């Protein structure tokens with residue numbers, strides 16, 4: 510049997526495995542009659558379409574709804590299985606041929622070093638989440654499908670492992686069946702934003718750090734550094750800012766989505782910083798610290814009295830951990846400031862990601878000077894690059910507005926100036942375009 514045939518056979522076996530478990534779920538939850546109906550409909554659709562249509566026409570609405578759910582759940586499980594096997598194929602291909610980053614780096618070996626360096630400095634990729642409210646799946650459903658995928662992808666090394674995996678799969682399929690796939694209320698733009706944030710949170714946790722770490726390693730292999738200040742990967746979103754034809758996206762909705770993104774962005778940053786705090790147990794007796802770090806730490810401790818005196822006493826000789834603790838407290842204060850709408854307090858919270866990265870850079874510089882290069886250029890560098898990619902807001906929110914709204918605003922500004930012989934709204938399209946181009950070239954502000 511060829512490798513492709515083996516792969517397809519394994520995929521079909523896993524789909525059949527989940528299909529059998531779903532059948533058991535239907536019997537447990539709804540009775541044998543529903544499973545029998547599912548099997549009859551499936552058989553008839555393959556052999557006699559008219560008979561299948563007649564059977565469905567005789568089915569009462571309540572049973573029909575369960576029938577639809579049974580097939581949609583099956584397709585969810587089949588899609589998850591295909592994704593798992595596709596992931597295995599991609600991993601096998603990477604192992605055999607190298608990752609796409611490695612293959613690209615191989616092609617860059619003969620490139621002009623200076624041109625390559627300038628290109629890397631200006632590298633910027635920004636995937637954008639677009640607004641499609643009909644695709645806003647519930648996080649409860651996404652979490653269960655993700656768990657099923659993880660279970661499918663976990664190797665079973667013995668009979669006991671397979672039994673436990675099948676039990677966990679069955680539990681999650683039961684939970685999936687008992688979970689409403691659709692919300693009772695119609696999803697709002699903020700619900701859709703939460704759906705996108707689900708994926709951004711997952712990317713923040715692992716994938717982006719892996720990609721940026723691999724990018725830096727592959728560039729290093731061809732003799733090019735990925736400069737510390739660059740942001741080769743960032744994210745964007747329209748969700749909560751797409752007002753073009755959507756009356757539900759109001760300024761308040763845009764503000765609410767921004768706050769929501771910041772809440773998650775700061776929470777994700779806290780997880781990274783907590784990992785660093787746990788790792789950075791370096792004692793000043795064994796490694797030392799720069800004067801810049803110690804001065805910054807003293808300033809932070811004075812500005813952050815909420816840090817426990819006990820903690821300061823127990824970690825008095827661990828400046829890196831203490832500094833990371835101060836970073837954590839500033840992040841907590843930033844989250845509270847945004848929630849309450851209070852002003853920024855210098856030294857107590859972060860106005861933006863730049864200040865956060867500056868604090869982490871102090872730790873990194875000190876580690877490099879005091880024999881901590883491996884963690885400085887490893888775990889800490891990964892955290893810094895991840896935080897640079899997401900900031901404290903996860904993704905840049907693009908505000909898309911209908912052109913008429915822009916023209917209305919521009920009309921008020923130009924008419925106020927009184928420099929034209931006619932009103933902006935009465936100008937022909939070509940004249941209006943030339944006027945706007947001229948104004949864009951001008952250095953003056955159109956509005957005070």
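Residue numbers (this note's numbering): 510 to 957. Using N, Cα and C, we set each Cβ at its ideal position, and we do this for glycine too. On a predicted model such as this, the values are computed, not experimentally measured, just so you know.
Same chain only: Cβ atoms within 7 Å of residue i, ignoring 5 sequence neighbours per side
{"i": "residue 802", "result": "828, 832, 871, 872 and 875"}
{"i": "residue 656", "result": "681"}
{"i": "residue 830", "result": "786, 789, 790 and 824"}
{"i": "residue 665", "result": "671 and 674"}
{"i": "residue 885", "result": "873, 876 and 877"}
{"i": "residue 813", "result": "835, 838 and 857"}
Beta carbon of residue i nearer than 8 Å to that of residue j
{"i": "residue 726", "j": "residue 533", "result": "no"}
{"i": "residue 561", "j": "residue 554", "result": "yes"}
{"i": "residue 897", "j": "residue 866", "result": "yes"}
{"i": "residue 591", "j": "residue 520", "result": "yes"}
{"i": "residue 908", "j": "residue 763", "result": "yes"}
{"i": "residue 531", "j": "residue 582", "result": "yes"}
{"i": "residue 476", "j": "residue 777", "result": "Given that the chain is displayed from residue 510 to residue 957, the structure contains no residue 476 and the question cannot be resolved."}
{"i": "residue 699", "j": "residue 769", "result": "yes"}
{"i": "residue 638", "j": "residue 705", "result": "yes"}
{"i": "residue 834", "j": "residue 816", "result": "yes"}
{"i": "residue 547", "j": "residue 513", "result": "no"}
{"i": "residue 538", "j": "residue 751", "result": "no"}
{"i": "residue 707", "j": "residue 794", "result": "no"}
{"i": "residue 974", "j": "residue 668", "result": "This structure does not reach residue 974, given that the chain is present from 510 up to 957, and the question cannot be answered."}
Cβ shell of residue i (< 8 Å), same chain only, five flanking positions each side left out
{"i": "residue 728", "result": "614, 629, 734 and 735"}
{"i": "residue 950", "result": "none"}
{"i": "residue 596", "result": "662"}
{"i": "residue 732", "result": "622"}
{"i": "residue 687", "result": "538"}
Residue i: CB within 7 Å of a non-hydrogen atom of the ligand COA
{"i": "residue 687", "result": "Looking for the ligand COA in the displayed structure turns up nothing, as the structure carries no ligands at all."}
Straight-line Cα distance separating residue j from residue i
{"i": "residue 608", "j": "residue 846", "result": "43 Å"}
{"i": "residue 792", "j": "residue 741", "result": "34 Å"}
{"i": "residue 878", "j": "residue 808", "result": "21 Å"}
{"i": "residue 916", "j": "residue 934", "result": "8 Å"}
{"i": "residue 887", "j": "residue 766", "result": "33 Å"}
{"i": "residue 696", "j": "residue 605", "result": "44 Å"}
{"i": "residue 574", "j": "residue 690", "result": "12 Å"}
{"i": "residue 781", "j": "residue 636", "result": "22 Å"}
{"i": "residue 703", "j": "residue 586", "result": "23 Å"}
{"i": "residue 821", "j": "residue 800", "result": "18 Å"}
{"i": "residue 919", "j": "residue 925", "result": "10 Å"}
{"i": "residue 540", "j": "residue 685", "result": "17 Å"}
{"i": "residue 712", "j": "residue 811", "result": "35 Å"}
{"i": "residue 624", "j": "residue 889", "result": "29 Å"}
{"i": "residue 634", "j": "residue 756", "result": "31 Å"}
{"i": "residue 929", "j": "residue 936", "result": "10 Å"}
{"i": "residue 556", "j": "residue 783", "result": "59 Å"}
{"i": "residue 620", "j": "residue 739", "result": "21 Å"}
{"i": "residue 826", "j": "residue 627", "result": "42 Å"}
{"i": "residue 1009", "j": "residue 747", "result": "Residue 1009 is absent from the structure shown; the chain starts at 510 and stops at 957."}
{"i": "residue 779", "j": "residue 569", "result": "52 Å"}
{"i": "residue 864", "j": "residue 954", "result": "30 Å"}
{"i": "residue 940", "j": "residue 602", "result": "57 Å"}
{"i": "residue 931", "j": "residue 616", "result": "59 Å"}
{"i": "residue 855", "j": "residue 927", "result": "43 Å"}
{"i": "residue 946", "j": "residue 853", "result": "38 Å"}
{"i": "residue 651", "j": "residue 914", "result": "37 Å"}
Close-in-space but distant-in-sequence residues of the same chain around residue i (CB under 6 Å, 5 per side omitted)
{"i": "residue 798", "result": "828 and 875"}
{"i": "residue 956", "result": "922"}
{"i": "residue 891", "result": "718 and 722"}
{"i": "residue 544", "result": "532, 535 and 536"}
{"i": "residue 632", "result": "741"}
{"i": "residue 944", "result": "none"}
Residue i burial status per 10 Å Cβ neighbour count (16 or more: buried)
{"i": "residue 883", "result": "exposed"}
{"i": "residue 774", "result": "buried"}
{"i": "residue 894", "result": "buried"}
{"i": "residue 859", "result": "buried"}
{"i": "residue 529", "result": "exposed"}
{"i": "residue 523", "result": "buried"}
{"i": "residue 868", "result": "buried"}
Whole-Å CB distance - residue i paired with residue j, under 8 Å assumed
{"i": "residue 786", "j": "residue 837", "result": "7 Å"}
{"i": "residue 839", "j": "residue 819", "result": "Wrong, their Cβ atoms sit about 20 Å apart, outside the cutoff."}
{"i": "residue 844", "j": "residue 772", "result": "6 Å"}
{"i": "residue 662", "j": "residue 593", "result": "5 Å"}
{"i": "residue 749", "j": "residue 758", "result": "7 Å"}
{"i": "residue 658", "j": "residue 720", "result": "Not confirmed; about 20 Å, so no contact."}
{"i": "residue 549", "j": "residue 564", "result": "7 Å"}
{"i": "residue 972", "j": "residue 848", "result": "Look at the range of the chain in this structure, 510 to 957, and you will see that residue 972 is not part of it."}
{"i": "residue 701", "j": "residue 611", "result": "So it is not a contact: roughly 36 Å between Cβ atoms."}
{"i": "residue 880", "j": "residue 796", "result": "6 Å"}
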